[in-house]
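Visitor: What follows is a single structure, and I will ask about it in a moment.
2 protein chains.
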Amino acid sequence: MQSFEKLSNRINQAVAESGLPAGPATLFEPIRYTMAAGGKRVRPVLALAACNLFCGDAERAVDAALGIEVFHNFTLLHDDIMDDAPLRRGRPTVHERWSPNAAILSGDAMVILAYELMSQVDPSVLPAVLAVFNRVAMEVCKGQRYDMDFEQRTDVSKSEYLRMIELKCAVLLGGAARIGAIIGGAAEAEAQKLYDFGVALGLAFQLQDDLLDTYGNPETFGKAIGGDILAGKKTFLFIHALERAEGEIRKRLLRLLRSPGSDPQQKIAETRALYTETGAERAVRDLVFVYFRQAEMILDNLTVDAARKTTLREISDTLKNRER
Amino acid sequence: MQSFEKLSNRINQAVAESGLPAGPATLFEPIRYTMAAGGKRVRPVLALAACNLFCGDAERAVDAALGIEVFHNFTLLHDDIMDDAPLRRGRPTVHERWSPNAAILSGDAMVILAYELMSQVDPSVLPAVLAVFNRVAMEVCKGQRYDMDFEQRTDVSKSEYLRMIELKCAVLLGGAARIGAIIGGAAEAEAQKLYDFGVALGLAFQLQDDLLDTYGNPETFGKAIGGDILAGKKTFLFIHALERAEGEIRKRLLRLLRSPGSDPQQKIAETRALYTETGAERAVRDLVFVYFRQAEMILDNLTVDAARKTTLREISDTLKNRER
């Protein structure tokens, strides 16, 4: 069996070996900095594991997997400019360390680099792989745009929120799994199942992220707790709480959303208490469970060598039990 | 013969018919706005004409040509953010009309859209077309980065400047012609010649742009004259003048470069006079002639049906005689 850790290390090795051009250093230094920051490498690992599932050879998908990881890191880089975020994975963001212009341009180069890597797949599957990648890449942009649009609204519905995180986050996990499957020789119907598996995992992952951001342990989470609350994000937690809250509780929730001047720690503690009181925390925990369960069921029903499913199961289990 | 105008109109039709997704409007409205602004459509016309040269059917290259035009417009959009430019083709830039964040994200979506269009080419030529597109797209980023880096320097050499405009501007014309040729069924050696033709044309085009920016007629040029001088750009004109200037003239040139507070019209007039006095104007006009001549010679030596060369000749002639 190829463990999550082993595949993750394989991606780190590919990152280290990827020969970026020497110059201009001002273009490529921020890219190296971004790619070296690490992270769990969930998306490329999914691509490798999905490829291995169908052909027993994860190596075939390394270039495409790295392309997906480069694209993912590009989205983080540009999102950080748009959110004016000072830190990413505990280090200054590229626009802080260099400049917004440097971050825009190096991000642009990363999209092209992602396509360069994606273009390395066998010509026989290139049109199919590109069709998936083009679609999910555009959907990620749409998701980011909806996320920005939602900042101006207070009437975002649960289904709008779920659709937004599906686009912004989940489809890229789905696309990674699907592309790995295609490279591994999966038939269209099987590749679709891997896509559905990745999307379910991605939805669980993002909702879990929302929970960790509000209820996580600051020691293990690696960043400050309560960021979404302070930013006034309309997460599923907030939407559910507002939907259920009545009378005095509803007023308190809306007052908390609109009180930028109040003590941050108190605001976080009060909002969190309301989320729990209205059942929002429970509802999101249930939803996370449902999406993980959905992913597992898709895996159960796949008609491939059972032993090869182990890696994908481990990915799902690792994500389920994560605390950061 | 397919005239420049006819092919340009074909591209405008393709732009009008390109079915962008409906939502989110906040993502696609800025893209429609950018693409509808027009321009000469030189790059996609080159792709169509190059395709027609080898197979007599320009239609085959329409998607790829449009992809190149979308990519070109993406670079203008992001460059305008980086330069903080208020106007483009007489209209407010996207970051002015919407916001910098909207401009970043819609620009990102345009890169993906460009690749979506490029991916429509026949699978038999897809790897070759992508190899060219990936390379020139990355080179355009490098060129923009060098251009930004040069702002901080006063010791930019002529060969550095020529290499910068080759990357930032010329290779995309070369890539357009090469991609059109590949789609039209050209052999590798012929495709290379079309690339060289496009690059020579692109170098002539950019140097001519520098001349128009300094010596153009404001009536026909369509924007204010002297922008490069006021921005302190190290164009070939400036580099040549500084190289030739001695004593008092050299001092005046450097004083003009570093005098942000002085009267703009006087600064432009004085600098322009020094460019002419030092022979810089003459040197750039000669260089423009040389590159156009080079493009024509490449065309002369192509072993294809002479009648089909007419369109490419017309493109070259139209550019040569342009006043905007």
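Top to bottom, those sequences are chains A and B. To convert, take the position in the first sequence, counting from 1, and add 626; that gives the working numbering. To convert, take the position in the second sequence, counting from 1, and add 626; that gives the working numbering. For every residue, glycine included, the Cβ atom is placed at its ideal position computed from N, Cα and C. Since the structure is predicted, the reported quantities are computational estimates derived from the model, not experimental observations.
If we ignore side chains and look at the alpha-carbon of each, how far apart do T902 of chain A and K666 of chain A end up?
Guide: Counting from 1 along the first sequence, the entry for residue 902 of chain A is found at position 276. Counting from 1 along the first sequence, the entry for residue 666 of chain A is found at position 40. Between T902 of chain A and K666 of chain A, the C-alpha separation is close to 29 Å.
Visitor: Please classify L703 of chain A: does DSSP put it in a helix, a strand, or coil?
Guide: For the purposes of this step, residue 703 of chain A is taken as the residue at position 77 of the first sequence. Note: L703 of chain A maps to helix in three-state DSSP.
Visitor: Could you run through the region 703–728 of chain B and flag, in chain order, every residue whose CB is less than 7 Å away from some CB of chain A?
Guide: The residues in question are H704, I707, M708, N727.
Visitor: State whether the region 694–708 of chain A contacts the region 652–672 of chain A, with contact taken as three or more CB pairs (one from each stretch) at a distance under 8 Å.
Guide: A contact exists between the region 694–708 of chain A and the region 652–672 of chain A.
Visitor: Does the structure place the region 745–761 of chain A close enough to the region 736–751 of chain B that three or more beta carbon pairs sit under 8 Å?
Guide: The region 736–751 of chain B vs the region 745–761 of chain A: in contact.
Visitor: Kindly indicate if chain A contains any beta-carbon less than 8 Å away from that of T652 of chain B.
Guide: By 1-based counting over the second sequence, the position of residue 652 of chain B is 26. True, the Cβ-Cβ gap to chain A drops below 8 Å.
Visitor: Using alpha carbons as the reference points, say which of B:M790, B:R779, B:D781 lies closest to Y772 of chain B.
Guide: What you label residue 772 of chain B is simply residue 146 of the second sequence in a count that begins at 1. Among B:M790, B:R779, B:D781, the Cα nearest to that of Y772 of chain B belongs to B:M790.
Visitor: Can you round the beta-carbon distance between V914 of chain B and Q818 of chain B to whole angstroms, since I take them to be within the 8 Å contact cut?
Guide: In the second sequence, residue 914 of chain B corresponds to position 288, counting from 1. In the second sequence, residue 818 of chain B corresponds to position 192, counting from 1. With 8 Å as the limit, V914 of chain B and Q818 of chain B do not qualify as a contact, their Cβ atoms being about 23 Å apart.
Visitor: Please tell me whether Q628 of chain B and N678 of chain B are closer than 8 Å, where the distance is taken between their beta carbons.
Guide: Locating residue 628 of chain B in the second sequence gives position 2, where the first residue counts as 1. Locating residue 678 of chain B in the second sequence gives position 52, where the first residue counts as 1. Cβ atoms of Q628 of chain B and N678 of chain B: closer than 8 Å.
Visitor: For P647 of chain A, which residues of its own chain have a beta-carbon under 7 Å away from its beta-carbon, when the five flanking residues on both sides are left out?
Guide: As a position in the first sequence, residue 647 of chain A is number 21, starting the count at 1. Result list for P647 of chain A: F654, in chain order.
Visitor: Write down the C-beta distance between G824 of chain A and L713 of chain A rounded to the nearest angstrom, noting that I regard them as a contact closer than 8 Å.
Guide: Residue mapping note: residue 824 of chain A aligns to position 198 of the first sequence, counting from 1. Residue mapping note: residue 713 of chain A aligns to position 87 of the first sequence, counting from 1. Wrong, their Cβ atoms sit about 28 Å apart, outside the cutoff.
Visitor: Can you pull the chain B neighbours of Y659 of chain A, defined as C-beta to C-beta under 9 Å?
Guide: For the purposes of this step, residue 659 of chain A is taken as the residue at position 33 of the first sequence. By Cβ distance, chain B contributes nothing, its closest Cβ being about 15 Å from Y659 of chain A, past 9 Å.
Visitor: Give the secondary structure of R715 of chain A by DSSP, where H, G and I count as helix, E and B as strand, and everything else as coil.
Guide: Sequence index remark: in the first sequence, residue 715 of chain A carries index 89 (1-based). Coil.
Visitor: Going along chain A, which residues have a C-beta under 8 Å from D775 of chain B?
Guide: If you number the second sequence from 1, residue 775 of chain B lands on position 149. Those within 8 Å of D775 of chain B in chain A are P650, T652.
Visitor: List the endpoints of the continuous alpha helix (DSSP H) containing L653 of chain A.
Guide: Translated into positions along the first sequence, residue 653 of chain A becomes position 27. Looking at the DSSP string, the run of the alpha helix (DSSP H) that includes L653 of chain A is 651–661.
Visitor: Taking Cβ positions, are R950 of chain A and T846 of chain A nearer each other than 8 Å?
Guide: What you label residue 950 of chain A is simply residue 324 of the first sequence in a count that begins at 1. What you label residue 846 of chain A is simply residue 220 of the first sequence in a count that begins at 1. Contact flag set, yes.
Visitor: Which chain A residues are close to A757 of chain B, counting only those with a beta carbon under 8 Å from its beta carbon?
Guide: As a working note, residue 757 of chain B is residue 131 in the second sequence. The answer, in chain order, is S745.
Visitor: Alpha carbon to alpha carbon, how far is E816 of chain A from L928 of chain A? Give it in angstroms, no decimals.
Guide: Locating residue 928 of chain A in the first sequence gives position 302, where the first residue counts as 1. Locating residue 816 of chain A in the first sequence gives position 190, where the first residue counts as 1. Approximately 8 Å between the Cα atoms of the pair.
Visitor: Determine the DSSP secondary structure at L798 of chain B, reduced to helix, strand or coil.
Guide: Stepping through the second sequence from its first residue, residue 798 of chain B is reached at position 172. Helix at L798 of chain B.
Visitor: Checking 8 Å against the spacing of the C-beta atoms, do L938 of chain B and L925 of chain B come in under that value?
Guide: Residue numbering aside, residue 938 of chain B sits at position 312 when the second sequence is read from its first letter. Residue numbering aside, residue 925 of chain B sits at position 299 when the second sequence is read from its first letter. Their beta carbons are under 8 Å apart, which means L938 of chain B touches L925 of chain B by this criterion.
Visitor: Helix, strand or coil: how does DSSP classify S942 of chain A here?
Guide: In the first sequence, counting from the first residue as 1, residue 942 of chain A sits at position 316. S942 of chain A: helix per DSSP, three-state reduction.
Visitor: List, in order along the chain, the chain B residues whose C-beta lies closer than 7 Å to that of I694 of chain A?
Guide: For the purposes of this step, residue 694 of chain A is identified with residue 68 of the first sequence, where counting begins at 1. What I694 of chain A touches in chain B: nothing, since even the nearest Cβ is about 14 Å away.
Visitor: Is there a Cβ of chain B sitting closer than 8 Å to that of D734 of chain A, yes or no?
Guide: Taking the first residue of the first sequence as position 1, residue 734 of chain A is located at position 108. Yes, contact with chain B.
Visitor: With 16 as the cutoff for other CB atoms within 10 Å, does M923 of chain A come out buried or exposed?
Guide: On the first sequence, position 297 is the one that residue 923 of chain A refers to. Answer is exposed; the Cβ neighbour count stays below 16.
Visitor: If contacts are defined as beta-carbon pairs under 8 Å, then H866 of chain A and T897 of chain A qualify, I think. What distance do you get, rounded to the angstrom?
Guide: Residue mapping note: residue 866 of chain A aligns to position 240 of the first sequence, counting from 1. Residue mapping note: residue 897 of chain A aligns to position 271 of the first sequence, counting from 1. In fact, because the Cβ distance is near 13 Å, the residues do not count as touching under 8 Å.
Visitor: Beta-carbon separation of I738 of chain B and M774 of chain A under 8 Å?
Guide: As a position in the second sequence, residue 738 of chain B is number 112, starting the count at 1. As a position in the first sequence, residue 774 of chain A is number 148, starting the count at 1. It is not a contact, given that the beta carbons lie outside the stated cut-off.
Visitor: Buried or exposed, going by whether 16 or more other CB atoms sit within 10 Å of the CB of P650 of chain A?
Guide: Here residue 650 of chain A is taken as the residue at index 24 of the first sequence, counted from 1. The residue in question, P650 of chain A, is buried, as its Cβ has 16 or more Cβ neighbours within 10 Å.
Visitor: If you run the structure through DSSP and keep just helix, strand and coil, what is P890 of chain B?
Guide: Taking the first residue of the second sequence as position 1, residue 890 of chain B is located at position 264. If DSSP states are grouped into helix, strand and coil, P890 of chain B belongs with the helices.
Visitor: Check the Cβ of N760 of chain A against every Cβ in chain B and list those closer than 8 Å, keeping chain order.
Guide: Position 134 of the first sequence, counting from 1, holds the residue named residue 760 of chain A. The contacting residues are I738, Y741, E742, S745.
Visitor: Among B:E722, B:N727, B:E872, B:P718, which one has its Cα closest to the Cα of M708 of chain A?
Guide: One-based indexing of the first sequence puts residue 708 of chain A at position 82. Considering only alpha carbons, the answer is B:N727.
Visitor: Report the rounded CA-to-CA distance for G842 of chain B versus I851 of chain B, giving the unit in angstroms.
Guide: In the second sequence, the residue the question calls residue 842 of chain B occupies position 216. In the second sequence, the residue the question calls residue 851 of chain B occupies position 225. If I take the Cα positions, the gap works out to 7 Å.
Visitor: Check whether the Cβ atoms of Q832 of chain B and A796 of chain B lie closer than 8 Å to each other.
Guide: On the second sequence, residue 832 of chain B is found 206 positions in, with the first residue counted as 1. On the second sequence, residue 796 of chain B is found 170 positions in, with the first residue counted as 1. Yes.
Visitor: CB-CB under 8 Å to G769 of chain A, same chain, minus the five flanking residues each way: which ones, in chain order?
Guide: Counting from 1 along the first sequence, the entry for residue 769 of chain A is found at position 143. Excluding positions up to five away in sequence, the list reads M790, I791, E792, L793, K794, C795, V797.
Visitor: Measuring CA to CA, which of B:T840, B:E940, B:G858, B:I941 is closest to R911 of chain B?
Guide: Translated into the one-based positions of the second sequence, residue 911 of chain B becomes position 285. Nearest option by C-alpha distance: B:T840.
Visitor: May I ask which residues mark the beginning and end of the alpha helix (DSSP H) holding T840 of chain B?
Guide: On the second sequence, position 214 is the one that residue 840 of chain B refers to. It spans 814–841 - the alpha helix (DSSP H) in which T840 of chain B sits, taken as one unbroken run.
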